[in-house]
Every structure is written in structure tokens, then in C-alpha cells.
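To start, the structure under review is shown below, and the notes come after it.
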Amino acid sequence: MLLGCRACHLGAIRQASTSQYYDAVIVGGGMVGNAMACALGQNPSFSSKRILVLEAGKTQSLPKTPPQFHSNRVSAVGPASINMFKKLGIWDRLQAYRVKKVNRLRVIDNCSRAELEFDSPISGGEVAYIIENNAMIWALYDRIKETCPSVEVRDKAAVKNCILPLSLENVAAIELDNGDKIETSLVIGADGVRSKVRQAMHADYTTFNYEQCGLVATLVVETPGNNDIAWQRFCRSGPIAFLPLSHNLSSLTWTTSTDHANRLLALSKDEFVDELNYTMFTDEDQNDCVNKSLFAMSKLPFLSNDLAPTPQPPHVVTLQGDTRAAFPLGFGHTHT
């Protein structure tokens with residue numbers, strides 16, 4: 001959210017005040033906020049502007065050596081975002097840390113043999129890279145410190161109140177929970193689902209709970225090949241996704257009802273793995289009529305594709321630690 005100024009003018013009129021003034025304030029130092037700060041800080045047009053990032057949590061640098069366990073919060077990062085990381089100068093360090101290239105995405109169904117496959121239109125190209133969220137945040141933070149002298153990052157800086165001006169001739173006022181007061185001509189809201197910046201807009205906000213959770217975990221898997229295929233299976237309980245992290249690790253996201261997610265969290269590790277494997281591979285919901293139709297269609301010359309064996313999803317061996325967690329899913333949309 002970009003608020004409180006004209007696109008190319010950061011010179012709003014200020015009244016006498018003891019507040020600290022910055023040309024732009026980014027509220028939130030996560031992936032979005034840090035990427036914005038890094039991009040602005042490296043832009044010659046902003047070299048003379050003072051930019052502040054307010055991060056409610058604790059900042060951290062990218063470790064030289066990754067921890068043994070992967071984080072259970074990862075993202076599938078597409079080619080356009082990878083190009084942005086290259087321009088910002090963090091891609092090499094992310095690769096040196098740990099990322100996993102995904103060459104194909106396969107989508108399968110529990111009630112038929114129907115399937116979809118996505119690959120890169122560029123020969124040898126990737127569909128995405130799977131990267132830990134924290135790694136991207138930390139790498140961007142390091143790059144800001146190294147290359148963006150006009151950008152200041154404050155951690156443990158929670159916003160208590162944000163007041164946006166009714167006129168672009170005035171500045172926005174931000175108060176932190178420690179009592180610090182800040183004025184700025186541009187407020188960039190990157191502070192997540194409970195955004196103080198969004199609340200300050202007084203815009204209409206439509207939200208509802210899906211009554212579902214995304215259950216995540218890091219899986220130890222067995223699969224032939226390099227484990228370079230991302231998988232999604234649509235099941236009765238909800239879609240299951242396996243995102244490859246290494247040759248023998250994948251990240252799980254299982255979207256299901258809140259009650260089912262709580263039951264899965266209460267299972268022992270072995271019980272959970274057994275239920276996950278069963279749900280990923282079971283044929284109990286297969287529809288014979290649909291499968292017979294698919295088989296007949298596959299014999300048509302212009303639909304036949306028997307050039308390569310059909311790959312199968314990885315078999316889950318165990319969990320890496322007990323990395324299970326569940327996060328509520330919902331909808332939120334700001335509108336005027």
C-alpha cells in the first residue's frame with residue numbers, strides 16, 4: 001500500500017514538530033518491506049532521500065551456514081522474482097545458502113487418473129525455486145546494510161498509531177509503542193494481515209474465515225531421481241502439496257478443515273506419516289467411469305503421449321524433527 005504522497009514528489013509541507021522526519025517510511029520488514037527498501041535504496045533517484053524501515057520483530061543476518069533443519073515456512077519463487085533478486089544482488093548468496101530448483105509441477109486427482117503438468121517454456125529453465133522465507137528476509141536485510149546508505153532499519157519497532165493526512169500538502173504521523181514519533185511524506189504498508197497502515201486508511205475491509213488451516217511440515221522422502229518435481233494432489237480432505245527442498249526433503253502444505261488439522265497435529269509422527277502417505281496414494285475414491293473415459297481418450301492419436309513413464313509422488317519416510325504447524329486460512333480485501 002502506497003499512501004500519503006504524489007508518486008514523484010516527497011516534499012510535503014511540515015509544521016514545526018519534534019518528530020523525526022523521513023521522506024518515506026516502510027512499515028513492515030518482511031519479504032515485501034525489505035524488497036521495497038532494497039529497491040528504493042539502490043535507485044539513484046532516491047539517493048538523497050531518507051528512508052526508514054520499521055520492523056516489529058528482531059532483524060537478523062543470513063547465516064554463513066544453514067541450520068540443520070529447514071524452516072517449515074517456504075515460498076515457491078517464480079522466474080520474474082528470481083530476476084528481481086538478481087538485480088537487487090541477493091541471488092548468488094541465496095544459492096550459496098540453500099535453494100531448490102523445481103523443473104516441473106504435476107497436479108493429480110484422487111478421484112480419477114486425470115493429471116496436469118507444468119514446465120518451463122524455456123529449455124532447461126525452471127518453474128520455480130523453493131526458498132525459505134527467512135532466508136529471503138535475511139538476505140535482503142544484509143543487502144540493505146551493504147548497499148543502501150539512505151535506508152535505516154529499526155527493529156523491535158512496533159507501530160502504535162498511524163495518522164494519514166487528508167491533504168497531500170501535509171505529512172503522515174506515525175507513533176511507535178516506545179513513544180517515538182515519526183513524520184513522513186510517504187507511507188508504504190507492508191505490515192501483514194493486521195496492518196496498522198490499512199486501519200489508518202479507514203477503507204472498507206471485507207474479511208471472512210475459511211474455517212480451514214494450512215498444515216505445514218518438513219518431510220524426509222524417498223523418490224527416484226533428483227526430487228525436482230513439485231506435487232499437488234486434490235483429495236477429499238483438501239489439496240496436499242509437496243514442494244522439494246533437496247534430494248530427500250520436501251515441504252508439505254496440507255489444506256484441510258480446522259478440526260482435521262488439529263487431529264493431524266495430535267497424531268504421533270509415525271501415525272501422521274502413515275495417514276499422509278495413505279491420503280497421497282490411495283485409490284479408494286477413484287471413479288471407474290471417469291477413468292475408462294480417460295483411457296479411451298488417451299488412445300486417440302492426437303492425444304496419445306506414451307513417450308515417458310509417468311512419475312510418482314515421493315514416499316514420505318518421516319518428519320524432519322517435528323516441524324508440524326497449522327495456520328488459519330481466510331480472506332481479506334481492502335476496497336473503497
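According to full-length UniProt numbering, the sequence shown is numbered sequentially starting from 1. No residue lacks a Cβ here, since even glycine has one placed at the ideal position from N, Cα and C.
Check whether residue i and residue j have beta carbons under 8 Å apart
| i | j | result |
| --- | --- | --- |
| I240 | T282 | no |
| P314 | T223 | yes |
| T336 | D204 | yes |
| D119 | F234 | no |
| L249 | T218 | yes |
| R106 | I229 | yes |
| residue 373 | A200 | Because the chain here runs from 1 to 336, residue 373 falls outside it and cannot be looked at. |
| G332 | V193 | yes |
| N133 | P328 | no |
| F69 | Q320 | yes |
| I163 | N34 | no |
| N277 | C111 | no |
| L252 | V74 | no |
| T334 | V220 | no |
| G30 | I122 | no |
| S237 | T258 | no |
| Y97 | P66 | yes |
CA nearest to the CA of residue i, picked from the options
| i | options | result |
| --- | --- | --- |
| G89 | R73, A261, Q42 | Q42 |
| L245 | V77, A37, S48 | V77 |
| residue 401 | S150, R104, H333 | The displayed coordinates of the chain run from 1 to 336. Any statement about residue 401 would go beyond what the structure contains. |
| C38 | L176, V171, C148, W138 | C148 |
| T323 | K299, N277, P301, V273 | V273 |
| D177 | R50, F242, V159 | V159 |
| E271 | V316, Q20, D142 | V316 |
| H247 | V99, S81, L300 | V99 |
| P311 | V32, N227, L40, D285 | N227 |
| G225 | A296, N103, A261 | N103 |
| Q20 | N262, S237, E175 | E175 |
| E115 | F295, A135, G28 | F295 |
| W231 | V32, L267, E117 | E117 |
| K87 | L140, G124, A135 | L140 |
| P79 | S268, V290, K101 | K101 |
| S71 | R113, W91, A135 | A135 |
| S293 | P44, N161, R113, M36 | R113 |
| H202 | D180, P165, G179 | P165 |
| D142 | G124, W91, G179 | W91 |
| G28 | A261, S195, L94 | S195 |
| K64 | Q95, H260, K299 | Q95 |
| S81 | P301, V32, R50, L267 | V32 |
Residues that DSSP places opposite residue i in a beta bridge
| i | result |
| --- | --- |
| P50 | In the sequence on display, residue 50 carries Arg and not Pro. Beta-bridge pairing links R50 to no other residue. |
| E275 | Partner(s): none; E275 has no beta bridge. |
| N209 | G330 |
| D204 | H335 |
| K181 | E175 |
| Q20 | I182 |
| R104 | D119, I229 |
| V159 | L176 |
| G214 | T255, F327 |
| R194 | DSSP, once it has assigned bridges, lists no residue as partnering R194. |
| G189 | V27 |
| A128 | V102 |
| E222 | H315 |
| V153 | V53 |
| D109 | F234 |
Beta carbon proximity, residue i to chain D, threshold 8 Å
| i | result |
| --- | --- |
| D155 | Absent from the structure: chain D. Only one protein chain is present. |
request  = Decide if the region 202 to 221 is in contact with the region 44 to 63; the criterion is three or more beta carbon pairs, one per stretch, under 8 Å apart.
outcome  = no
**Asked** Does the region 169 to 185 come close enough to the region 23 to 32 to have 3 or more Cβ pairs within less than 8 Å?
**Response** yes
| task | Entirely within the region 231 to 293 and at least 3 residues each: give me those beta strand (DSSP E) ranges in chain order. | result | 240 to 244, 249 to 257
key: At least three beta-carbon pairs within less than 8 Å, the region 151 to 168 to the region 56 to 74   = yes
>> Check whether the region 169 to 181 and the region 126 to 134 are in contact - that is, three or more C-beta pairs closer than 8 Å.
In response: no
Requested in this report: Would you list, in sequence order, the uninterrupted beta strand (DSSP E) runs of no fewer than 3 residues that lie entirely inside the region 55 to 98?
Outcome: 74 to 77
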